[in-house]
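Peer 1: Let me give you the structure first, and then I'll get to my questions.
Residue numbers (my numbering): 9 to 235.
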């Protein structure tokens, strides 16, 4: 029986093959696609729902079958960069062969939303948060590190390993309690909530991404015309 997958990335391998990173309900896996210049190679691109079968006993298996499981999601502009960003996060952070079926479902539901050009920022923030939680890196949004409720008038700093800690002195990178409450409720209409969520996810992801910059983020910034 074939498995479901999306291609996260592919690159040339030897003369006529490709190394393909697949995201499946069973996790992220890398396999060789033989004859990548043919019909199968045209399918080995991001944002296409696929059915596939692997063969081989080595760690690096071969793709025995690759067929469309639905129509490709056409992403362009900011939505395209958003999709590439999600793919890069999965490649960088998701361990190989680590099953996350709920994360796969979330990803599969996000792609049509991107294709429909729904507001980008809430979609990215929701996926980042789901990814952090699935990997065990999530933290409470309703209480601080001591279990006390988040207070609207209080300011907090984020400890990515533990959560929010109340502070009195002003310092860079703090979050207001009201913004944290808006994020916890996914109330993106609240003033400042989306901007705070973007800062929060950058702080939360930074320890796990390391010093190497995200290519998709640099591409997106380079595509924004100067004002």
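All C-beta atoms in this analysis are idealised placements derived from N, C-alpha and C, irrespective of residue type, glycine included.
#1: Can you tell which of 41, 124, 86 has the C-alpha that lies nearest to the C-alpha of residue 73?
#2: What number of angstroms, rounded off, separates the C-alpha of residue 259 from the C-alpha of residue 173?
#3: Using beta-carbon positions only, say whether residue 215 and residue 168 come within less than 8 Å of one another.
#4: Give me the residue from 50, 57, 217, 45 with the minimum Cα distance to residue 117.
#5: Would you mind working out which of 32, 204, 213 sits nearest residue 108, comparing C-alpha positions?
#6: Which value, in whole angstroms, describes the spacing of the CA atoms of residue 35 and residue 63?
#7: Spatial neighbours of residue 227 within its chain, please: C-beta separation below 8 Å, excluding the five flanking residues on both sides.
#8: Would residue 19 be called buried (16 or more neighbouring beta carbons within 10 Å of its own) or exposed?
#9: Quick one: what does DSSP say residue 24 is sitting in, helix, strand or coil?
#10: Round the Cβ separation of residue 101 and residue 139 to the nearest angstrom and send it over; I've been treating them as touching at under 8 Å.
Peer 2: On the basis of the data shown:
#1: Per the Cα distances, 41.
#2: Since the first residue shown for the chain is 9 and the last is 235, residue 259 is missing from the structure and cannot be characterised.
#3: yes
#4: 57
#5: 32
#6: 17 Å
#7: Within the same chain, 89, 92 come within 8 Å of residue 227 by CB-CB distance, once the 5 residues on both sides are set aside.
#8: exposed
#9: Residue 24 carries a coil assignment under DSSP once its states are collapsed to helix, strand and coil.
#10: 7 Å
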